[in-house]
Each structure stands twice: as C-alpha cells, then as structure tokens.
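Okay, so here's the structure we're looking at.
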Amino acid sequence: MGEKSVKGLMKEIATITEINCDKRKFTNHSGRKTFIQISKSEGISDNDVMSVSRHKNPHSLAYYERPKSILQQNTLSQINSLIYNDTLLSNDKTANSFSSALEIFNGKI
Numbered sequence: 785m786g787e788k789s790v791k792g793l794m795k796e797i798a799t800i801t802e803i804n805c806d807k808r809k810f811t812n813h814s815g816r817k818t819f820i821q822i823s824k825s826e827g828i829s830d831n832d833v834m835s836v837s838r839h840k841n842p843h844s845l846a847y848y849e850r851p852k853s854i855l856q857q858n859t860l861s862q863i864n865s866l867i868y869n870d871t872l873l874s875n876d877k878t879a880n881s882f883s884s885a886l887e888i889f890n891g892k893i
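Taking our numbering, the leading residue of the sequence shown gets 785, the next gets one more, and so forth.
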C-alpha cells in the first residue's frame, strides 16, 4: 500500500471514528506509533511488534513507549497544556516567561 493510500485511509478512519484532527498533526507515522504503543501496553512481544512495524532493532521501540505511571501521564498532560495555552491557563493567567509558566504549573499564580 502506498503512502498516499495510507494517508487517505487514515483520514477516512479519523472521519468515521469522529476523531477531531483540526488541531493535531496527523501523519502516517501516527498510525505506526499508536500501533506500537497499544501493542506494547498489551504485552505483545518486541519481536512480534517488530515483524509488523518493520523495525530492525528492538531498541528503536523504546522511543514509542508511553509513560509508565498515571503521575507521569498527568504531568506530561499539564506541561503540554502549558505549552499550548490550553484550558489549564484560564482567566487572566498567562505565561510570559518560563518562570511564570512554572509558577502557574505549581499553582503559585
């Protein structure tokens, strides 16, 4: 299957599943990454994942690993919100510098 076919298929899947891709970078690699992350979280062996993803080195799969704990996931989500000025920064709270972003993150502002 060619790159254009896969890209079209992924857009169709997003439409059917009602995934909003307006504010996301959605690429063919997104499907590969999601497949690897879900497979690894379900305990599928590296060799089996590599046979589908076509990775040659099991160490390459480490780049796709999801955070191990809920705390890590929540922290990364909060940092992402700060970076992209999502809902975490509400009302008059705005980050004008790295230090003020950290203050907001730590609840000091």
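Yeah, the Cβ is synthetic: ideal placement off N, Cα and C, and Gly gets one too.
query	result
Hey, how far is the Cα of asparagine 858 from the Cα of leucine 866?	12 Å
Please classify isoleucine 820 as buried or exposed, where buried requires at least 16 other C-beta atoms within 10 Å of its C-beta.	buried
Ends of the alpha helix (DSSP H) at serine 835?	830-837
Which of the three DSSP states, helix, strand or coil, is assigned to serine 865?	helix
Go ahead and pull the three-state DSSP assignment for isoleucine 803.	coil
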